[in-house]
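**Q**
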Amino acid sequence: MFFELFFQYLVAGLTYGTIYAIVGIGFNIIYNTTGIINFAQGEFVMLGGMTAVTLYGFLPLPLAVIGAVLITMVMGGLIEMVFIRWLVKPTVLRMIIITIGISILIREGALLVWGEGVRSLPYFTGNEISALSLGGVRLSPQVLWSIGVCMVIVLFLNLFFKHTMLGREMRACAANRDAAALCGIPTKNMITLSFVLSAGIGALAGCVVSPITYTQYSIGSGLAIKGFTVAILGGLGNSMAAVAAGFILGILESFSIWVLPTAYKDAISIAILLAMLFIRPSGLFGNKEAMRLKDF
Amino acid sequence: MKILRLFAAAIIIALSAAPVLAAPAIKVGAILAVTGPASFLGAPEAKTLEMLVEEINAKGGINGSKIELVIKDSGASPEKAISFAKQLIEEEKVFAIIGPSTTGETMAIKNIAEEGKTLLLSCAAAEVIVNPVAKYVFKTPQMDKHAVIRIFQQMKKMGITKIGVLSSNTGFGKAGKEQIEKLAPEHAIQILVNEVYDKAATDLTAEVTKVKAAKVQAIVNWSIEPAQAIVIKNVRQTGMTVPIFQSHGFGNIGYVKAAGAAAEGAIFPAGRLLVAEVLSDKNPQKAVLLAYKKSYEEKYKEDVSTFGGHAYDAMKILEQALKAAGAGADKEKVRTTIENMKGLVGTAGIFNFSPADHNGLDLNAFEMLTVKDGKFTVLEK
Amino acid sequence: MRTSRFIPILALLGAVVLVQLLTLAGGKAFFLTQLTMSAYYTLIVIGLCLLMGFAGQISLGHAGFFAIGGYTSAVLTTLDLAAYKENPLVAMLAKAGVLTARQDLYGGSLLSVHPWAACVVAVLLAFVIAWAIGIPVLKLKGHYLAMATLGFGTIIYSIVLGTQRFGAADGISSVPPFPLLFGVSVSGDSSLRVLNYYFAWLLVTVAMVLLLNLISSRVGRALRSIHGAEDAAGAMGVDTARFKLSTFMLSAVLAAVAGVFLTHYNGGIGPSEASIMKSVRYVAIVAVGGMGSLWGTLIMSVVLNFLSLRGYFGSFDDAVFGGILIVIMLFAPDGIIGADLRRLVGKIANYKQQNSNKSQ
Amino acid sequence: MLRIRNLDAGYGNLNVLRRVSIHVKPGEIVTIIGANGAGKTTLLKTITGLLKAQAGEVLFNGQDIGAMPTERIVSGGCSLVPEGRQVFPAMPVSENLLLGAYVQFKRGNKHEVERDLDRVYALFPVLKQREHQLAGTLSGGEQQMLAMGRALMARPKLIMLDEPSMGLAPLMVKEIFNIIVRLRAEGNTVLLVEQNARSALKIANRGYVLETGRIILEGEAEDLLANRDVQRAYLGRDAE
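Chains as they are written, first to last, in the numbering used here: chain A, 8 to 303; chain B, 7 to 387; chain C, 10 to 369; chain D, 226 to 465.
1) For N245 of chain A, go through chain D and note every residue whose CB falls closer than 8 Å to its CB, in chain order.
2) What runs of the alpha helix (DSSP H), each 4 residues or longer, lie entirely inside the region 123-197 of chain A?
3) Taking only runs of the beta strand (DSSP E) that begin and end inside the region 246-272 of chain B, which ones reach a length of at least 3 residues, in chain order?
4) Can you name the residues of chain A whose CB is closer than 9 Å to the CB of I236 of chain B?
5) By the three-class DSSP mapping on this structure, what secondary structure does D387 of chain D have?
6) Chain A beta carbons: is any one of them nearer than 8 Å to that of G182 of chain B?
7) On a CA-only basis, which of D:K427, D:D289, D:E436 and D:R340 is nearest A263 of chain D? Give me that one, please.
8) Starting from the beta carbon of L178 of chain A, find every residue of chain D whose beta carbon is closer than 8 Å, and list them in chain order.
9) Helix, strand or coil, according to DSSP, for F161 of chain C in the structure here?
10) Quick check on DSSP: helix, strand or coil for L27 of chain B?
11) Using three-state DSSP, classify K382 of chain D as helix, strand or coil.
12) State the CB to CB distance for the pair A39 of chain B and P106 of chain B, rounded to an integer number of angstroms; the pair is presumed to be in contact (CB under 8 Å).
13) Assuming contact is defined by CB atoms lying nearer than 8 Å, are Q66 of chain C and L147 of chain C in contact in what I supplied?
14) Kindly indicate if chain A contains any beta-carbon less than 8 Å away from that of V241 of chain D.
15) With burial defined as no fewer than 16 other Cβ atoms inside 10 Å of the residue's Cβ, what is the status of Y306 of chain A: buried or exposed?
16) At the 8 Å Cβ level, is T124 of chain B part of the contact set with chain A, yes or no?
17) Could you please tell me which residues of the region 378-400 of chain D, in chain order, have their CB closer than 9 Å to any CB of chain A?
18) I believe R344 of chain D touches V318 of chain D by the beta-carbon criterion, under 8 Å. Please report the beta-carbon distance rounded to the nearest angstrom.
19) Under 7 Å Cβ-Cβ, which residues of chain A neighbour A264 of chain B?
20) Whole angstroms are fine: how far does the CA of L149 of chain C sit from the CA of A220 of chain B?
21) Can you give the Cα-Cα distance for F466 of chain D and N421 of chain D, rounded to whole angstroms?
22) Quick one: does N278 of chain A have its CB under 8 Å from some CB of chain C?
23) Would you say the region 240-259 of chain D touches the region 427-444 of chain D, given that touching needs at least three Cβ pairs under 8 Å?
24) Quick one: using the 10 Å Cβ neighbour count with 16 as the cut-off for buried, is T247 of chain B buried or exposed?
25) What residues in the region 325-336 of chain D bring their beta carbon closer than 8 Å to a beta carbon of chain A?
26) Considering just the uninterrupted stretch of the beta strand (DSSP E) at A280 of chain D, what are its terminal residues?
27) With DSSP run on the structure shown, which of helix, strand or coil describes Q234 of chain B?
28) Does the beta carbon of L275 of chain D sit closer than 8 Å to a beta carbon anywhere in chain A?
29) Name the two residues that bound the continuous alpha helix (DSSP H) containing C58 of chain C.
30) Determine whether the beta carbon atoms of T81 of chain C and I181 of chain C lie at a separation below 8 Å.
31) With distances taken between CB atoms, is the gap from A138 of chain A to G245 of chain B smaller than 8 Å?
32) Relative to the C-alpha of A248 of chain A, which candidate in A:L291, A:T222 and A:A210 has its C-alpha closest?
33) Quick one: residues in its chain with C-beta nearer than 8 Å to the C-beta of D309 of chain B, no 5 flanking neighbours on either side, listed in chain order?
34) Kindly give me the distance between the Cβ atoms of D204 of chain B and N240 of chain B, rounded to whole angstroms, as I take these residues to be in contact under 8 Å.
35) Taking the alpha-carbon of I384 of chain D as reference, which of D:I272, D:L239, D:V245 and D:L242 has the nearest alpha-carbon?
36) Is E61 of chain B helix, strand or coil by DSSP?
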């Protein structure tokens, strides 16, 4: 019984972890190319989920998901072009405030468009009660889907950034924007692209986790705080580390429930974040070397 | 000096621009959480009120006076509710206030309504609103304790004595949890696990695992957020087959849709609005329920929810009292009329008010429902 | 120099009196309710303005300090210690006047902490927490600072929401009035509305005098240098860490004071006062008033809070503040009131500099 | 090839350059010497569009590039090797060079990139040895070579170097200057900004002296070397 419970909590932790991790990755992509923490990242997740549910009304599921991801990518690009592209050397403070404003506007806009109702996509495979049983430990197939999608995203990003010219250009832009411009790389387009990419990843996350968590106009900010925590825990800018940190945070939260009342679950995870910021701002997996050789 | 004069002129113009009352209409204020964390309450409430007032005015109003509805969106913030309550009472001089949607807001303005001698018909559930009784404060939703008692009675029938309780960290969850804790001993129910989760929780497997480990015979979940659909899914996914009891907050078909197959067999107490069609024709509520359901769903193209029903009842009570008290009746007279109102058929049940009971509903207001094939249905006894 | 600083203060007092007289003449005395509430929110916002505009430190958790003040006072003054009357400590406190017996609305008698004592405890608590949090937090910069303060706010919010003693989601209601002098008290009682209005604005005026003196002092110049270039300020021998910390603590205390009095004025407090959206609102107001422009912030705070509290924005309340944030930060990052003034000052400074260059 | 007239530039309200006029003809090495803070780097940043000019005009091959974004100026054939090398530290040498060829990729000269790469490796054999090493781990001199190689990958018509000798060992400085001479021999045009005035003037055709944002002196390199004022102000230090 003890081991069964242990693994059940572990599975619960993995479920939380993947959700946090995917949001965290989205933060990192934009942070890397622009040095901006996009406080509206959670809203991309919400937009993806909501759009997919709407499209699912008249399209088969895979098309609805693809459509939602594409639409959200366009939204991400538009947001960058309208609000950010033309700013001349904005300060960090200004960028923080602008992205917070964007997040509020998207949220209120979603409330207008979709109302306050709760929606979800159907389970990709199986249904609400189906679960895979592994020696007494049970987990929903959708959890596997989200872990799988998370892994695919990480793999894709690694390939993209390490082995494609476009990926290298984005990394160059991230490492040193002036130097990238001196190579003739259109840095502004790279920044737009980073918004498009992270919007797409956010939207995909929103679709995959929607059967588990449901979507509602207001879920963005809660997810953003967790994603943010994970991004910083792992070390800003490092996607692999964000995934690892996501799992660590998810599992910690899950096991904290085993022993503690759950009312303070969020407070606990944020306290961990604060402690991290105070003691080791470079993150769990970051080190000074890595901060210098900033990489994905 | 010239600037000062301009400034003064500007302020005077601004102040006098406030709308002037033209017709002898009856002003009714409403403070509802149309947006914000409790929008699932406030939004259908606001829609219901707008619809009802339109209907009443189309029929020529009450005793010849039209109703003028002033809805204020509080976003579930008590400080705004306070500001709005003062505005409605002092400036708009409303006859009555319907709402607020949440207990916290209602408690924040209970004294203001009392001091301003203005009727307050709350759409929030907690017992503290009407206990201790405040002269001018009424509420329309059923009592949490009645819901809990109905659940415990059902458990007795099913031979359940050991339960796990989950609730969300909202006013609704808190009130239910308190009643469960209070009433369990007298019904010989033992609470083995008692957990509160965050209202914005996205997955509750860990909480559910804790319940599973305690080997309970049934689970009671008390919340109104999406989390209640998540709980029910996670319970089934972890392979537990024990009965799941939900609160009357489960009375929203959206959550049943969201929980899909997992919702099958969930048992919960609720007003009869959700099962209006399948009620026996002898049931006195059937006609009222069907009428509300039909007009709401036609007008707004969305499923009716019990929360909108609370606003419906509030407006109906006010309408009845105004009619009975006659044209030109003052607030005090209408208040007494409500206090002595008996047998008013509403969506939540049949209201029998008294000076000591400002809710007027009893255990019978609830029907035990269950989910079958994705639809609400009356639980077979 | 000194007189020029007093003129705006006198103008503020004049405006306060003028508005009261106008509302009286216009028969709109009830506007004072929202103006009083706005005054308390203004207390937080001008403190935050000092922190953001002069020390260059963002805080996305200031609603947390407001909540610390408000909730501490609410808990202590609604706590019923009547059952522990025999306890020697309780008896001693009661004798010292820290505890006071009163009746609740329904005739029950309570023995709870005197509002003055509760206020002192609340402010001290905010002071200590701001100190303890400030030391590590203010070492951080940029996003890390924003995130840390946001985290602090979230923790306070979830504690408030998760704790039975704080009324969880319902908050705390029936908080007693806060007695001032001569039978006047801070409370929502409509007969005391005018006096409450003056008291709240007196508090704001005192805070303004304090802050204006601070920014024109040596400390103030140091603060401005932090905003400009922290490293340079450090090199000039300014102890930036200490100044940042004391500004942070000062703004936290102002927020807590606002929390205490608004809670007594409203007769209660709810978790929405601790929410992140509230903190974001305060930042929005500072942004639109002009970072580092205390007067601009004060004016915008009154306007925006008043409109919001009167429900003019309807269901778009949050959206309005979000929109303001974006528009201001995109087109007028110096704020709309502060911008022109500061551009002017900048031009004069530039002109002077050029002249002195020429003379060299 | 490059002609600058009455250029004013600076940061915000701060004016750094005042009415600067210079020109560079094809096939020559032109050097700009001046003390720290004279505005040399500001000048190069303004030419490449990293800073916007406040007044004056910048003509490159007769085209006004004053309002163009950096990447278009670079595409047009005007490359800068920035001060402090600014290589991409987390990427291997080969990727740094490939990024330098971005302009070539965009022009559609994909197959020529391979040849350019070989040319750069021939010019800097040490880079070939370090091909797969992360750029951040190279020595200062190697990074300087990489930065120059990266700029060359774009096949620039004009290559501008900002303090290439800064922080390097004397032997390495010598090698870098040798390479600059070789670049001219291969038909490149070079605009060299240096604090190390003597070495720069030795290899340059012409030179300008920049002092507190103004050009105070210009002329043939040997004339400047012989100029007493220049000797006192800029060459004294290393006139051992």
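C-beta atoms are modelled at their ideal positions from N, C-alpha and C, and glycine is treated no differently.
**A** Taking the coordinates as given:
1) Position 238 of the first sequence, counted from the first residue, corresponds to residue 245 of chain A. None at all; the shortest Cβ gap to chain D is about 11 Å.
2) Correct list: 148-170, 172-182 and 184-189.
3) As far as the region 246-272 of chain B is concerned, its whole beta strand (DSSP E) runs of at least 3 residues are 250-252.
4) Here residue 236 of chain B corresponds to residue number 230 of the second sequence, with the count starting at 1. Neighbours of I236 of chain B in chain A, taken as residues whose beta carbon is under 9 Å from its own, are I219, T220 and Y221 in chain order.
5) Counting from one through the fourth sequence, the residue named residue 387 of chain D turns up at place 162. Under the three-state reduction of DSSP, D387 of chain D is assigned to strand.
6) As a first step, residue 182 of chain B must be located in the second sequence, where it is residue number 176. For G182 of chain B, the answer is no, since every Cβ of chain A falls outside 8 Å of its Cβ.
7) Walking along the fourth sequence from the start, residue 263 of chain D turns up at place 38. Closest by alpha carbon: D:E436.
8) Reading the first sequence from its first residue, position 171 is the one you call residue 178 of chain A. Leu is not the amino acid found at residue 178 of chain A; the sequence shown has Arg there. By Cβ distance, chain D contributes F313, A315 and M316.
9) Position 152 of the third sequence, counted from the first residue, corresponds to residue 161 of chain C. Helix at F161 of chain C.
10) Looking up residue 27 of chain B in the second sequence gives position 21. Because the pLDDT at L27 of chain B is just 40, under 50, the model does not fix this residue reliably, and the value given afterwards should be weighed accordingly. Residue state, collapsed to three classes: coil.
11) Looking up residue 382 of chain D in the fourth sequence gives position 157. When DSSP states are grouped into helix, strand and coil, K382 of chain D belongs to the coil group.
12) Taking the second sequence and counting its residues from 1, the one referred to as residue 39 of chain B is at position 33. Taking the second sequence and counting its residues from 1, the one referred to as residue 106 of chain B is at position 100. So it is a contact: roughly 7 Å between Cβ atoms.
13) If you number the third sequence from 1, residue 66 of chain C lands on position 57. If you number the third sequence from 1, residue 147 of chain C lands on position 138. In contact: Q66 of chain C and L147 of chain C (Cβ atoms closer than 8 Å).
14) As a first step, residue 241 of chain D must be located in the fourth sequence, where it is residue number 16. No, because no Cβ of chain A sits closer than 8 Å to the Cβ of V241 of chain D.
15) Any question about residue 306 of chain A goes unanswered here, given that chain A covers just 8 to 303.
16) Position 118 of the second sequence, counted from the first residue, corresponds to residue 124 of chain B. No - not a single Cβ of chain A is within 8 Å of the one on T124 of chain B.
17) Within the region 378-400 of chain D, the residues whose Cβ lies closer than 9 Å to some Cβ of chain A are M378 and A379, listed in chain order.
18) Working through the fourth sequence from its first residue, we reach residue 344 of chain D at position 119. Working through the fourth sequence from its first residue, we reach residue 318 of chain D at position 93. The pair is not a contact, with the Cβ atoms about 15 Å apart (cut-off 8 Å).
19) Taking the second sequence and counting its residues from 1, one reaches residue 264 of chain B at position 258. Chain order gives the chain A residues near A264 of chain B as V125, S127 and Y221, where near means a beta carbon separation below 7 Å.
20) Translated into positions along the second sequence, residue 220 of chain B becomes position 214. Translated into positions along the third sequence, residue 149 of chain C becomes position 140. When rounded, the distance between both Cα atoms is 44 Å.
21) Chain D is shown only over 226 to 465; residue 466 of chain D falls outside these bounds and no answer can be derived.
22) To locate residue 278 of chain A, count along the first sequence from 1; it is residue 271. Contrary to the premise, residue 278 of chain A reads as Ala rather than Asn in this sequence. By this cut-off, A278 of chain A is an interface position.
23) With the cut-off at 8 Å, the region 240-259 of chain D and the region 427-444 of chain D touch.
24) Residue 247 of chain B sits at position 241 when you count from the first residue of the second sequence. The residue in question, T247 of chain B, is exposed, as its Cβ has fewer than 16 Cβ neighbours within 10 Å.
25) Within the region 325-336 of chain D, the qualifying residues are G325, Y327, V328, F330 and K331.
26) Here residue 280 of chain D is taken as the residue at index 55 of the fourth sequence, counted from 1. For A280 of chain D, the enclosing beta strand (DSSP E) stretches over residues A280 to F285.
27) For this step, residue 234 of chain B is matched to residue 228 along the second sequence. Of the three classes helix, strand and coil, the one that applies to Q234 of chain B here is helix, per DSSP.
28) Position 50 of the fourth sequence, counted from the start, is the residue given in the question as residue 275 of chain D. Taking a beta-carbon distance threshold of 8 Å, L275 of chain D counts as an interface residue toward chain A.
29) By 1-based counting over the third sequence, the position of residue 58 of chain C is 49. Judged by DSSP secondary structure, C58 of chain C falls within the alpha helix (DSSP H) whose first and last residues are F40 to C58.
30) Against the third sequence, residue 81 of chain C aligns to sequence position 72. Against the third sequence, residue 181 of chain C aligns to sequence position 172. No, the pair does not count as a contact, with Cβ atoms beyond the cut-off.
31) For the purposes of this step, residue 138 of chain A is taken as the residue at position 131 of the first sequence. For the purposes of this step, residue 245 of chain B is taken as the residue at position 239 of the second sequence. It is a contact, given that the beta carbons lie within the stated cut-off.
32) Residue mapping note: residue 248 of chain A aligns to position 241 of the first sequence, counting from 1. Nearest neighbour of A248 of chain A by Cα position, chosen from A:L291, A:T222 and A:A210, turns out to be A:L291.
33) On the second sequence, residue 309 of chain B is found 303 positions in, with the first residue counted as 1. Taking C-beta separations shorter than 8 Å and ignoring five residues to either side along the sequence, the partners of D309 of chain B in its chain run N258, I259, G260 and E303, following chain order.
34) Counting from 1 along the second sequence, the entry for residue 204 of chain B is found at position 198. Counting from 1 along the second sequence, the entry for residue 240 of chain B is found at position 234. So it is not a contact: roughly 14 Å between Cβ atoms.
35) As a position in the fourth sequence, residue 384 of chain D is number 159, starting the count at 1. Closest by C-alpha distance to I384 of chain D, out of D:I272, D:L239, D:V245 and D:L242, is D:I272.
36) As a working mapping, residue 61 of chain B is identified with position 55 in the second sequence. DSSP, reduced to helix, strand and coil, places E61 of chain B within a helical segment of the structure shown.
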